[in-house]
Amino acid sequence: MTDLDDLRTRLIGAVEGAEDLDALEALRVGALGKKGELTERMKALGKAAPEERKALGQGLNAIKDEIAGLIEARTAALGDAALEARLRGETVDVTLPVRPESQGRIHPISQTIDEIVAIFGEMGFTVAEGPDIEDDFHNFTALNIPPEHPARQMHDTFYVEERDAAGERLVLRTHTSPVQIRAMEGAEPPFRLIVPGRTYRSDSDMTHTPMFHQVEGLVIGEAIHMGHLKGCLTDFCRAYFEVPDVPVRFRPSHFPFTEPSAEMDIGCSRKGGGLRIGAGDDWLEILGCGMVHPKVLANCGVDAERWQGFAFGMGIERIAMLKYGIPDLRTFFEADIRWLRHYGFAPLETPSLIGGLSA
Ligand code: DAH
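Below, the structure written as structure tokens:
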């Protein structure tokens, strides 16, 4: 029987030494499978001497049961260990941030433009663009500012060397209003558009920089009146400053391209040194606006008998400074990374009226 003892010892050793489920399965097939070692030995029982057959058969059966039991136990143990290792490897620390915090910041000018576009977008406005280098006609003449008009002096225009077809020198646009002309020239009314963009004036001090930003607005339709202007701009200010009851007032003013013209103020309070936008005893000028002058419509080939509407223009730096408490205009353009870290905005938070403008 020593050879059965050897067989048993060898198989037990092999089971114990199997390192994974594949090795164990190979072992099971090799011992207990159809052509396995033990199976073959059982098949060969008939050839054994009759007096040895019974003991040999019992011995083989005992080894078969024992090995089958050991394989089963070891399979379960290896399975548990494998599961354990997998779970350990897949552990997630839910307290870790999903991504490293982003380093970049959105400049307050970009943020403010995004907020303006979100608000007017909600009111059905589209965004229009025009060139920074303009011709005299679009920047002035078509807007009812003929040569020698005193408004031209007020614009501190930057002139460039090149001249247009009429021999006039090109200019860096002094306002976004020329895009009104470009939008109307090429298309049929109605119009409802805003134009955020860069503008240039030869002026530099505490409250002026040679390049700054404006947003222009234009609404042209068949029955547009001053009430639409007031409602639209009041809604805009309340949404933008996130002060639902901010008082507004319209003061008569003058622009060559609108008739009548107005300036819009919002209420504020300066009590205690700080500026607070909302009901108070003071006013802040926010923008210029008015009903588009019939001559401007005619200059663009729009039938002023049939179409009318309103326009407005405002300074983007100014409304950004008021909303975000930025005291000095010039810091917008100094590219100081500490300033941007302080006043900038998180890059993945797109402003929207539903998700929040500046949350
Ligand atoms: N273009 C004017 C400026 O730069 C601002 C402005 C005022 C635009 C009234 C308008 C408007 O469209 O209606 O000072």
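Numbering follows our numbering, in which position 194 of the sequence shown is assigned residue number 299; successive positions increment by one, without gaps. Note that the Cβ used here is the ideal one computed from N, Cα and C, for glycine as well. Everything numeric in this text was worked out from a predicted model, so none of it was measured.
Under the rule that 16 or more other beta-carbon atoms within 10 Å means buried, what is residue i, buried or exposed?
i: tyrosine 264; result: exposed
i: serine 207; result: exposed
i: leucine 201; result: exposed
i: tyrosine 429; result: exposed
i: leucine 150; result: exposed
i: leucine 129; result: buried
i: proline 456; result: buried
i: valine 453; result: Note on identity: in this sequence residue 453 is leucine, with valine being the wrong assignment. It is exposed - the Cβ of leucine 453 has fewer than 16 other Cβ atoms within 10 Å.
i: valine 407; result: buried
i: proline 283; result: buried
i: proline 213; result: buried
i: proline 251; result: exposed
i: alanine 292; result: exposed
i: glycine 272; result: exposed
i: glutamate 239; result: buried
i: glutamate 290; result: exposed
i: proline 155; result: exposed
i: glutamine 163; result: exposed
i: arginine 158; result: exposed
i: isoleucine 224; result: buried
i: glycine 332; result: exposed
i: alanine 328; result: exposed
i: valine 199; result: exposed
i: arginine 354; result: exposed
i: glycine 460; result: exposed
i: isoleucine 442; result: exposed
i: glycine 118; result: exposed
Does DSSP put residue i in a helix, in a strand, or in coil?
i: aspartate 261; result: coil
i: glycine 122; result: helix
i: tryptophan 388; result: strand
i: cysteine 394; result: strand
i: proline 251; result: coil
i: methionine 316; result: strand
i: glutamate 234; result: coil
i: aspartate 170; result: helix
i: glutamate 227; result: helix
i: alanine 367; result: strand
i: glutamine 163; result: helix
i: alanine 153; result: coil
i: histidine 362; result: One detail in the question is off: residue 362 reads as phenylalanine in this sequence, not histidine. Reduced to three states, the DSSP call for phenylalanine 362 is coil.
i: serine 457; result: strand
i: alanine 190; result: helix
i: threonine 144; result: helix
i: glutamine 208; result: coil
i: proline 283; result: helix
i: serine 215; result: helix
Cα separation between residue i and residue j?
i: glutamate 266; j: aspartate 308; result: 19 Å
i: isoleucine 431; j: alanine 247; result: 36 Å
i: asparagine 249; j: histidine 359; result: 12 Å
i: glycine 378; j: threonine 312; result: 20 Å
i: alanine 288; j: arginine 257; result: 22 Å
i: glycine 229; j: valine 222; result: 10 Å
i: proline 295; j: asparagine 244; result: 22 Å
i: histidine 330; j: glutamine 413; result: 8 Å
i: isoleucine 421; j: proline 205; result: 32 Å
i: arginine 423; j: alanine 367; result: 18 Å
i: lysine 148; j: isoleucine 168; result: 15 Å
i: arginine 179; j: valine 120; result: 7 Å
i: valine 300; j: isoleucine 218; result: 10 Å
i: glutamate 227; j: aspartate 433; result: 31 Å
i: glycine 458; j: lysine 376; result: In the sequence under discussion, the amino acid at residue 458 is leucine, which differs from the glycine named in the question. When rounded, the distance between both Cα atoms is 30 Å.
i: glycine 135; j: alanine 181; result: 19 Å
i: asparagine 166; j: leucine 132; result: 17 Å
i: arginine 435; j: proline 349; result: 30 Å
i: alanine 173; j: threonine 107; result: 21 Å
i: leucine 137; j: leucine 192; result: 32 Å
i: aspartate 111; j: threonine 196; result: 45 Å
i: arginine 113; j: alanine 187; result: 27 Å
i: histidine 447; j: glutamate 321; result: 28 Å
Report yes if the CB atom of residue i is closer than 8 Å to the CB atom of residue j, and no otherwise.
i: alanine 153; j: leucine 143; result: no
i: glutamine 285; j: leucine 323; result: yes
i: glycine 418; j: threonine 262; result: no
i: phenylalanine 450; j: glutamine 216; result: yes
i: proline 357; j: isoleucine 371; result: no
i: aspartate 237; j: aspartate 269; result: no
i: cysteine 373; j: aspartate 387; result: yes
i: tyrosine 305; j: leucine 277; result: yes
i: isoleucine 391; j: cysteine 342; result: yes
i: histidine 254; j: threonine 279; result: no
i: leucine 126; j: glycine 194; result: no
i: alanine 409; j: cysteine 394; result: no
i: leucine 427; j: leucine 389; result: yes
So, does the CB of residue i fall closer than 8 Å to a CB anywhere in chain B?
i: glutamate 121; result: Judged by its chain identifiers, the structure shown contains no chain B, having just a single protein chain.
When you measure from the CB of residue i to every non-hydrogen atom of ligand 2, does any distance come out below 7 Å?
i: glutamate 321; result: Ligands present in the displayed structure are limited to ligand 1, and ligand 2 is not among them.
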